[in-house]
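Top to bottom, those sequences are chains U and W.
Everything in the first sequence is counted per this note's numbering, starting at 21 for the first residue and increasing by one.
Everything in the second sequence is counted per this note's numbering, starting at 21 for the first residue and increasing by one.
The structure appears below as structure tokens.
Protein chains: 2
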Amino acid sequence: MNPHHTHQSLSLAIRNRITAGEWPPGTVMPSETDLAQEYQCARATMNRALQVLADSGLIERKRRAGTRVMPLPSSLAKIEIPIIRHEIEKRGAAFGHSILMRETAPAPEKVARQLHLRKGTRALHLKTLYQSDQEPFAYEDRWVNIQAVPAISTAPLDEVSPNEWLVRDVPYSSGYVSFSASAAGSEEAAALGTRPGAALFTVSRTTWLANRFITTVTLSYRPGYQLQTKL
Amino acid sequence: MNPHHTHQSLSLAIRNRITAGEWPPGTVMPSETDLAQEYQCARATMNRALQVLADSGLIERKRRAGTRVMPLPSSLAKIEIPIIRHEIEKRGAAFGHSILMRETAPAPEKVARQLHLRKGTRALHLKTLYQSDQEPFAYEDRWVNIQAVPAISTAPLDEVSPNEWLVRDVPYSSGYVSFSASAAGSEEAAALGTRPGAALFTVSRTTWLANRFITTVTLSYRPGYQLQTKL
DNA sequence: GATGTTTAATTGTCTATACATAATAATTTC
DNA sequence: GAAATTATTATGTATAGACAATTAAACATC
């Protein structure tokens, strides 16, 4: 093979030297140019290798100031927020959903703020229960900005869940997500077949597409649900 | 300014064309070479721009097969699991921690399984309370594999929290994380100043470093805590 | 028709060079 | 001495060219 270094191998090599303690956290490492010299590679290649490490949060790079090993590496986890149907079907269970409520109503203040609507503007309010083998799996409370997605008014939400309809129709939007624990209200408790006050894992999302706020949703999972990932 | 395109602007431009539906999910986009031609930039630049989109999961690239728009973009959220001290100090509060318990004991079965220890092997068991401005913030229940990290036996955990000590001493390990909601037990409730049964946001982690299982930890945050991120 | 081989298209990535940009350090000015 | 200016240095990134690696498709062989 040729004597070239790949940016991957360089990345790994540098990473190892960092973890071995050669440059303790907080210290400045040698410059790109020096490292490239040392490994006999082009500066661009070393640049790429170091950028990978910078992306992963291991080092911080600043023009003129040099490359610095980060003091405490915060763990970065990639979480894939699964489509509920996929999650259920992956476990071999039958997916089902039922629309518990579907109405157009003035958005309450909190929702209006999240969707950047004027207070009192009407929006579509949906409550949906997702089932795994007939058992309740998650309870969804969703508001949709009708102005941004007029087509949803006529969507066949009995066949395709609101979640999937929106993902299919308005893809690649960006948004905020927050994870928390909340006590089940009487409505969620009844839907999920648990007692009010039970600890529910809750995911709230607000998504938009280029200035247009689409939807805000709160998903409460049945008790015991865990969201897992590797890091 | 100069007429150059940056890979960032190109990335954005392509992303916009995708979200606008020019290339629907599943279809192959024009080749790097063609796009570079179209935008009058070097192929390397377009390559970098497309790599960014590939990293974010929007497109998939294969040699010879070309670049394909991914069918259903499962929402991928990057979550930074914050170091508790940083999280508290970022909000301008004073960080504190106190070790509620520190003992060496035989690992219960569940812990032994997670740390790949033989049942009954002794391990370090720590219970720690993290405080924000004297108020309880999070409760940590941690087991540490002494064989993997013997130095922890003599670590000054009153000064540096177990969390930080481990991160500093055994950095860059990999691990599993799971998020869930759980009802406060009497111990957590007392420590966090809430009532038993309250809904707590809980993060469990097991980390290892090259075959050696280091530690498994369950963190319960005070009621109302939210883990937020953008996607 | 099934299987193996060659071809060609496409992305992956390194090199060398050039210039842009940012931030520190040194210098000048007042 | 403080403030403003200039110089220096490290990283950011674009470019053109070259070759490697992968694999779909076309072709050849049995």
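From the three backbone atoms N, C-alpha and C, an ideal C-beta is built for every residue, glycine too.
For residue i, three-class secondary structure by DSSP
{"i": "Val-89 of chain U", "result": "strand"}
{"i": "His-136 of chain W", "result": "coil"}
{"i": "Ser-240 of chain U", "result": "strand"}
{"i": "Ala-209 of chain W", "result": "helix"}
{"i": "Glu-52 of chain U", "result": "helix"}
{"i": "Glu-58 of chain W", "result": "helix"}
{"i": "Ile-108 of chain W", "result": "helix"}
{"i": "Gln-151 of chain W", "result": "strand"}
{"i": "His-27 of chain W", "result": "helix"}
{"i": "Arg-174 of chain W", "result": "Arg is not the amino acid found at residue 174 of chain W; the sequence shown has Thr there. Correct three-state label for Thr-174 of chain W: helix."}
{"i": "Phe-65 of chain U", "result": "What sits at residue 65 of chain U in the sequence shown is Thr, not Phe. Helix at Thr-65 of chain U."}
{"i": "Val-131 of chain W", "result": "helix"}
{"i": "Gln-167 of chain W", "result": "coil"}
{"i": "Arg-83 of chain W", "result": "coil"}
{"i": "Pro-126 of chain W", "result": "strand"}
{"i": "Trp-228 of chain U", "result": "strand"}
{"i": "Ala-33 of chain W", "result": "helix"}
{"i": "Glu-160 of chain W", "result": "strand"}
{"i": "Ile-99 of chain U", "result": "strand"}
{"i": "Val-180 of chain U", "result": "coil"}
{"i": "Leu-146 of chain U", "result": "strand"}
{"i": "Thr-39 of chain U", "result": "helix"}
{"i": "Met-21 of chain U", "result": "Here the model assigns Met-21 of chain U a pLDDT of 37, short of 50, so the residue's position is not dependable and the matter cannot be decided."}
{"i": "Ala-204 of chain U", "result": "coil"}
{"i": "Leu-73 of chain W", "result": "helix"}
{"i": "Leu-78 of chain W", "result": "coil"}
{"i": "Leu-120 of chain W", "result": "strand"}
For residue i, the nearest candidate out of the options (CA to CA)
{"i": "Arg-133 of chain U", "options": "U:Asp-161, U:Thr-226, U:Lys-250", "result": "U:Thr-226"}
{"i": "Arg-84 of chain W", "options": "W:Gln-57, W:Ile-104, W:Val-48, W:Ala-33", "result": "W:Val-48"}
{"i": "Tyr-59 of chain W", "options": "W:Ser-76, W:Leu-73, W:Leu-30", "result": "W:Leu-30"}
{"i": "Ser-194 of chain U", "options": "W:Asn-36, W:His-27, W:Thr-26", "result": "W:Asn-36"}
{"i": "Gln-154 of chain W", "options": "W:Gly-116, W:Leu-144, W:Val-131", "result": "W:Gly-116"}
{"i": "Thr-174 of chain U", "options": "U:His-27, U:Pro-91, U:Leu-144", "result": "U:Leu-144"}
{"i": "His-243 of chain W", "options": "W:Pro-102, W:Gly-205, W:Arg-63, W:Leu-229", "result": "As written in the sequence, residue 243 of chain W is Pro, which differs from the His given in the question. Pro-243 of chain W has its Cα closest to that of W:Gly-205, out of W:Pro-102, W:Gly-205, W:Arg-63, W:Leu-229."}
{"i": "Thr-39 of chain W", "options": "U:Ala-210, U:Thr-26, U:Leu-229", "result": "U:Leu-229"}
{"i": "Ala-210 of chain U", "options": "U:Tyr-241, U:Phe-199, U:Lys-139", "result": "U:Tyr-241"}
{"i": "Ile-101 of chain W", "options": "U:Ser-198, U:Arg-88, U:His-25", "result": "U:Ser-198"}
{"i": "Thr-124 of chain U", "options": "U:Val-180, U:Met-66, U:Val-164", "result": "U:Val-164"}
{"i": "Leu-78 of chain U", "options": "U:Glu-207, U:Met-66, U:Pro-45", "result": "U:Pro-45"}
{"i": "His-106 of chain U", "options": "U:Thr-214, U:Ser-181, U:Val-237", "result": "U:Ser-181"}
{"i": "Thr-130 of chain W", "options": "W:Val-237, W:Tyr-245, W:Gln-246", "result": "According to the sequence displayed, residue 130 of chain W carries Lys and not Thr. Lys-130 of chain W has its Cα closest to that of W:Val-237, out of W:Val-237, W:Tyr-245, W:Gln-246."}
Close Cβ partners of residue i (< 6 Å) along its chain, the five nearest in sequence each way excluded
{"i": "Ser-152 of chain W", "result": "Ile-108, Ala-113"}
{"i": "Ser-118 of chain W", "result": "Leu-149"}
{"i": "Leu-239 of chain W", "result": "Ala-158, Glu-160, Val-223"}
{"i": "Arg-232 of chain W", "result": "Ala-168"}
{"i": "Asp-54 of chain U", "result": "none"}
{"i": "Cys-61 of chain W", "result": "His-25"}
{"i": "Trp-43 of chain U", "result": "Met-49, Val-89"}
Contacts around residue i, its chain only, beta-carbon distance under 8 Å, and the 5 residues preceding and following it disregarded
{"i": "Ala-201 of chain U", "result": "Ala-219, Leu-220, Phe-221, Thr-222"}
{"i": "Met-21 of chain W", "result": "Here Met-21 of chain W scores only 38 on pLDDT, less than 50, and its place in the model is too uncertain to base an answer on."}
{"i": "Ala-203 of chain W", "result": "Pro-216, Gly-217, Ala-218, Ala-219, Leu-220"}
{"i": "Glu-52 of chain U", "result": "Arg-63, Met-66, Asn-67, Leu-70, Thr-87"}
{"i": "Arg-111 of chain W", "result": "Ser-152"}
Contacts that residue i makes with chain W (C-beta to C-beta distance below 8 Å)
{"i": "Leu-229 of chain U", "result": "Thr-39"}
{"i": "Lys-130 of chain U", "result": "Ordered by position in chain W, no residue passes the 8 Å Cβ test against Lys-130 of chain U, which lies about 14 Å from the chain."}
{"i": "Tyr-159 of chain U", "result": "Chain W residues near Tyr-159 of chain U: none, gap ~13 Å exceeds 8 Å."}
Contact belief for residue i with residue j at Cβ below 8 Å, rounded distance in angstroms
{"i": "Pro-156 of chain U", "j": "Leu-212 of chain U", "result": "5 Å"}
{"i": "Ile-104 of chain U", "j": "Arg-142 of chain U", "result": "With a Cβ gap of about 27 Å, Ile-104 of chain U and Arg-142 of chain U do not count as contacting."}
{"i": "Met-121 of chain U", "j": "Leu-137 of chain U", "result": "Not confirmed; about 20 Å, so no contact."}
{"i": "Gln-248 of chain W", "j": "Tyr-196 of chain U", "result": "7 Å"}
Where residue i meets chain U, residues with beta-carbon distance less than 9 Å
{"i": "Lys-110 of chain W", "result": "By Cβ distance, chain U contributes nothing, its closest Cβ being about 11 Å from Lys-110 of chain W, past 9 Å."}
Close beta carbons around residue i, own chain, < 7 Å, minus the five adjacent residues each side
{"i": "Pro-23 of chain U", "result": "Because Pro-23 of chain U carries a pLDDT of 46, less than 50, the predicted location of this residue cannot be relied on, and no value is offered for it."}
{"i": "Gln-28 of chain U", "result": "none"}
{"i": "Arg-68 of chain U", "result": "His-27"}
{"i": "Leu-73 of chain U", "result": "Ser-31, Ile-34, Arg-35, Ile-79"}
{"i": "Arg-81 of chain W", "result": "Leu-70, Ala-74, Thr-87"}
Amino acids of chain U, ordered along the chain, whose beta-carbon sits closer than 8 Å to that of residue i
{"i": "Tyr-196 of chain W", "result": "Gln-248, Thr-249, Lys-250, Leu-251"}
{"i": "Leu-220 of chain W", "result": "Ala-201, Ala-219"}
Under 9 Å from the C-beta of residue i: neighbouring residues of chain W
{"i": "Tyr-252 of chain U", "result": "Since the displayed chain U opens at 21 and closes at 251, residue 252 of chain U lies outside it and no answer follows."}
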